[in-house]
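Reminder that position 140 of the sequence shown reads as 125 in our numbering, one-by-one numbering, no gaps.
Don't be surprised by glycine CBs; every beta carbon is placed ideally from N, CA and C.
This one's a predicted model, so the numbers in the text were calculated from it and none came from an experiment.
One structure is given below, encoded as C-alpha cells.
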Amino acid sequence: MRELARLAVLVSLCALLSAVQAESDEDKLKAEFLIRFAGFTTWPATAFEGNSTPVVVGVWSDSDFTKTLSAAIGTRTAGGRKIVASNIRGTSEIRSVHILYIPASGARSIDRILLEAERLPVLTVSEVSGFCKRGGVMNFYRDGEYIRFEANPDAARSAGLQVSSQLLRLARIVRG
C-alpha cells in the first residue's frame, strides 16, 4: 500500500514537472518569436530618438516572462539596433516600446491597451483569442501541439509599421 502511495506521488510530481517544463519551453518559444518579429518589422524613423536607440520589447505586467525574454535576447540585435526587454505596468508606458506583448494574464486590459496604442508605431502581440480581430497586429495560437501566429496587416499599416512579406507568408492572415 505504501509503495502504491509513493508511486502516486511520484507520478503526480512527474506530471507537475512536465507541465512546468512545457510552460517554460512555450515561454522560450514565444520569446524567440518576439525577437524574430523585431527583425522582420520596420518602424518609421520617428519611432526612435536616435541611431543608437534600442528596439524595446515591452511585456505587459509579467515580470517572469520579461526575465525569460531578456535571457533569450542576450546581445542580439534587429536592424542594427540592440534589443531590450522591459516590464510594462501601465498604459502610459506604451509610448516607450516598439513591441508590446500582452500575455493571457492581461486579457482584461486588451481594449484599453489597444486604444492607447492606436496610431502609435507599436507592434502589438498577444496570445488572447480574437486579438487580431480587435485591432492587434500579431497573435499566438495553438494548432495541436504547435504554437503558430496570425497577423493583421491592416493593423500594422495603421500603426505605421512594415511587416516583412516573408513573415506574413508564415502567418494566418486576419482582417478586422
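Chain-order list of residues whose beta-carbon lies under 8 Å from that of residue i (same chain, five-residue window excluded)
i, result
"E11", "I132"
"C117", "M123, N124, E135, A136, N137, A140, V159, G161"
"R119", "I95, D96, L99, G161"
Three-state secondary structure (DSSP) of residue i
i, result
"L(-8)", "Low confidence applies to L(-8): its pLDDT is 34, below 50, so where it sits in the model is not reliable, and the reading given next is rough at best. In the structure shown, L(-8) sits in a helix (DSSP, three-state: H, G or I)."
"A70", "strand"
"L153", "helix"
"L105", "coil"
"A136", "strand"
"L99", "helix"
"R119", "coil"
"S111", "strand"
"R127", "strand"
Of the listed residues the options, nearest to residue i (C-alpha basis)
i, options, result
"T62", "V41, D47, A136, I73", "V41"
"R74", "T60, G59, S90", "S90"
"R80", "I68, L99, G24", "L99"
"Q151", "K15, S9, F22, L14", "F22"
"P39", "V82, S143, I68", "I68"
"D128", "R157, S48, R104", "R157"
"S46", "R104, K13, L153, E78", "E78"
"I72", "R66, G64, V82", "As written in the sequence, residue 72 is Asn, which differs from the Ile given in the question. The residue with the shortest Cα to Cα distance from N72 is V82."
"E34", "R66, R154, Y126, L155", "R66"
"A32", "R104, Y126, R154", "R104"
"D49", "R119, G59, N36, K13", "K13"
"A56", "N36, S9, S37", "S9"
Assigned exposure category for residue i - 16 Cβ within 10 Å defines buried
i, result
"A7", "Since pLDDT at A7 reaches only 48, below the 50 mark, its modelled position is unreliable, and the value read off the structure follows with that caveat. Exposed, since its Cβ has fewer than 16 Cβ neighbours within 10 Å."
"T26", "buried"
"T51", "buried"
"E130", "exposed"
Spatial neighbours of residue i in its chain, beta-carbon cut-off 6 Å, leaving aside the 5 residues before and after
i, result
"S94", "none"
"A92", "V113"
"S111", "I87, G121, N124"
"T109", "L85, A102, G121, V122"
"G168", "Residue 168 lies beyond the stretch modelled for the chain, which goes from -14 to 161, so this question has no answer here."
"V148", "T26, A141"
"G24", "A63"
Cβ-based neighbour list, residue i, same chain, cut-off 7 Å, excluding 5 preceding and 5 following
i, result
"F54", "It is worth fixing the name first, because residue 54 is Leu in this sequence and not Phe. Closer than 7 Å at the Cβ level, and outside the excluded window around L54, lie A16, L19, V42, V44, A70."
"T76", "R97, I98, E101"
- Where are the beta strand (DSSP E) runs, 3 residues long or more, that stay fully inside the segment 10 to 65, in chain order? 40 to 45
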